[in-house]
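Residue numbers (this note's numbering): 23 to 701. Every residue gets a Cβ at the ideal spot worked out from N, C-alpha and C, and that includes glycine. These numbers were taken from a predicted model, which means no experiment stands behind them. Let me begin by presenting the structure, written as structure tokens, before commenting on it.
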Amino acid sequence: AQVKPEQINTNMIFWLRIVVAAPAHSGIGGPLTYRSELPLAPGQLVRVPLGRREVLGVVWETLQDSGDLPPEQARAVLGALEAVPPLNASWRSLVAFTAGYYQRSLGEVALAALPPQLRELTAVQLARRLKRPQADTSSAETPQEGLTLSPEQTAALLQLSTDARPALLFGSTGSGKTEVYLRLTARQLARQRRVLVLVPEIGLTPQLVGRFATRFPQATLAVLHSGLTDTERLAAWRSTHSGSADIVIGTRSAVFAPVRQLGLVIVDEEHDSSFKQQEGGFRYSARDLALVRAQREGLPIVLGSATPSLESLHNAATGRLTRLSLPQRTAAAQPPTLRLLDVRGESMHAGLSTTALRGIERHLAADGQVLVYINRRGYAPTLACTACGWLAPCLACDARMTVYRQADRLRCHHCGAERALPRQCPQCGYAVKTVGQGTERIEEVLGETFPGVGIARLDRDVIRRNEDLHAVVASVASGAARILVGTQMVAKGHDFPALTLVIVLNADHGLFSTDFRAAERLAQTIVQVAGRAGRAERAGEVLIQTEFPEHPLLRSLLEGGYDAFAAAALEERHSAAWPPFSRLAALRASAPQAQTTLEFLQAAREAGEALDAGRVRLLGPAPAAMARRADRHHAQLLLESGERASLHRFLQQWVPVIETLPTARRVRWALDVDPLELF
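Here it is, written out as structure tokens:
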């Protein structure tokens, strides 16, 4: 409420700068000035008025006076969340860096890094909620001893104990990277320091939590990911912030976890694109921010992967990262043998070649397990008319609808729309048929070909909850399921000792993409999927179906492994001046009409050209490869520079201008700094 000047006794008032999550493009980019009758420390969570709403805020700094704002216009703090200790200077420093680097407001970043319930509860409600007992995974058992280290693991641990630089742990699948993580964690716990472990997806979290809980039964673990309920997430965050959690394991947003006395950061599967938030307004890379956090807090950090990103390999080559190698599998396990199957000369059975089917039969007879990888969900990618050529379209996207035969539905994987599966062509009334294969179709064919053999499927259609994932993994681990069919989810670090054969279908999918990162993603997927085979004493075999067996990418993978592919790919990137040899940002926009989107981006380009662009090039605007999604038309304007500093100086000038453009109010737009997907 507005107050009169005579009602303000400035000698009894404390002036604060507080960040709040304001509406997008509201012009509120930094902290706002409030008054308080009580002293509050920086980092304290408070409830404050914003317009007609009551919102959560973070005290950013204290002031001597109200500055340029007349004291009577400063609104009062409504209350402090005293049950939550103030967030420390390191946390606020990371948030400030993130907001500046990704061109977002302080309040948006700060509040996005906090549990949803903190933003919704009043101070009294929160105090009551925080008096639920905290989950404690500790026990009185003694820590279990680890495995005997290989010479390469011993050398890596020695290097990590003497070299303070960030490290890239380049270890082949099954080489014992997790054992190195566990040994490093043991050192930190012995020093009364805590450990933050980042994983790319929820599916990996239970496995890693199990490994850490088994090794450190006396330690308290906190788990942070989007699969938790709001109450569970608040409890885990609270145990992290209070200092009761010794080990914090989480997905992307856990990079902002306020871990006290942090001693080590681990980023597992650092190459995974899931570490990049690619939707909404605030788009960030958790891997990159983990490196920034470790540098600012003077912490050791380890990035681990069997298929490191080309950016990380480049940073290792230039000395920004220490490269540590684990080239051999642990114990008696040997690398699987890889073979290309030229399907042009094969008889095909719903996407499976005769050679592949014989391989499955052979491994099943030898009491092995089989993994069939195909990165397509559903029964078939589309439905077609056998007479007029009609293909089942999504009515809201420039995309074909996927066939789901078991559900008797057509579904769009881009906007979520669905409708009944037609029996005849809606255009000519003739018969329709499915085209291509997805996981559901492959599961059906294998069931018909190998009756009585247990088959499990692992994709996002069957995995809706953590319990679903546990059930599938348990069925394979127990041997109840002899064949596993799945999408990229099967490549995410699962360890099945009896799995001896991997078959990769549709390996050609990324060979001719217009996206310059497609080849890297394809190579990583093939290596990761192949790495599921032969992880114990039994030899593993990998069959890769392709129509292009002479393609350089496939040949380099087979003949020289991922290292050889990466070296060639980096040469190509250097020649084309693509990242990591340049820096990119993409201004993305959408609107109900295509012309509206392009008008905004063209106006943004003209505004940029009116500034001192320096070494920054503006490319476009251009429609997205799938221009219409969910009844909105999408396009982008690309920015490129050979220097990171030049790009960010330009963005700092440009973004405030974009926000004032008249056309900006007619579109949804977001700036994507260091984008992973361009086309």
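Judged by DSSP in its simplified three-state form, threonine 536 adopts coil rather than helix or strand. Taking C-beta atoms as the reference points, valine 289 and arginine 216 fail to come closer than 8 Å.
The continuous beta strand (DSSP E) containing arginine 431 extends over residues 431 to 433. Taking the C-beta atoms as reference points, leucine 109 is found nearer than 8 Å to glycine 65. For the set Glu130, Leu60, Thr340 and Ala552, the Cα lying nearest the Cα of tyrosine 584 is the one of Ala552.
Assignment of alpha helix (DSSP H) within the segment 431 to 515, counting only whole runs of 4 or more residues, yields 461 to 471 and 488 to 500 in chain order. Setting aside the 5 residues that flank it on each side, arginine 463 is surrounded in the same chain by Ala372, Tyr401 and Ala402, each with a C-beta closer than 7 Å to its C-beta; the list follows chain order. Taking C-beta separations shorter than 7 Å and ignoring five residues to either side along the sequence, the partners of leucine 313 in its chain run Pro188 and Ile323, following chain order. Glycine 390 and glutamate 470 have their alpha carbons spaced roughly 19 Å apart. Three or more beta-carbon pairs drawn from the segment 174 to 192 and the segment 338 to 345 are found closer than 8 Å, and the two stretches are therefore classed as touching.
Only residues of its own chain outside the window of five on either side were considered, and among them Glu223, Gly225 and Leu226 have a CB closer than 7 Å to the CB of lysine 514, listed in chain order. Membership of aspartate 585 in the alpha helix (DSSP H) is indicated by the continuous run 574 to 598. The DSSP-derived three-state label of valine 270 is strand. Between alanine 625 and threonine 685, the alpha-carbon positions lie close to 8 Å from each other. Taking a C-beta distance under 8 Å as the contact criterion, alanine 608 and proline 473 do not qualify as a contact pair. If you look at isoleucine 323, you'll find it in the beta strand (DSSP E) that goes 323 to 327. Going by DSSP, phenylalanine 36 is part of the beta strand (DSSP E) stretching over 36 to 42. Uninterrupted alpha helix (DSSP H) stretches at least 4 residues long and entirely within the segment 323 to 398 occur at 332 to 339 and 376 to 387, given in chain order.
Contact annotation: valine 221 and threonine 273 have beta-carbon atoms nearer than 8 Å. Here the alpha carbons of leucine 506 and valine 392 stand approximately 6 Å from one another. A direct Cα-to-Cα measurement between leucine 386 and arginine 577 gives close to 29 Å. Annotated as distal: valine 68 and proline 53, with beta-carbon spacing of 8 Å or more.
By DSSP's assignment, serine 58 forms a beta bridge with Phe36. For secondary structure counted as the alpha helix (DSSP H) over 4 or more consecutive residues, the segment 190 to 276 holds these complete runs in sequence order: 199 to 212, 227 to 237 and 252 to 264. A residue is called buried once 16 or more other Cβ atoms fall within 10 Å of its Cβ, and glycine 664, having fewer, is exposed. With a beta-carbon spacing of about 5 Å, leucine 405 and valine 454 fall inside the 8 Å limit used to define contacts.
Proline 643 counts as buried, since at least 16 other C-beta atoms from the protein chains shown sit within 10 angstroms of its C-beta.
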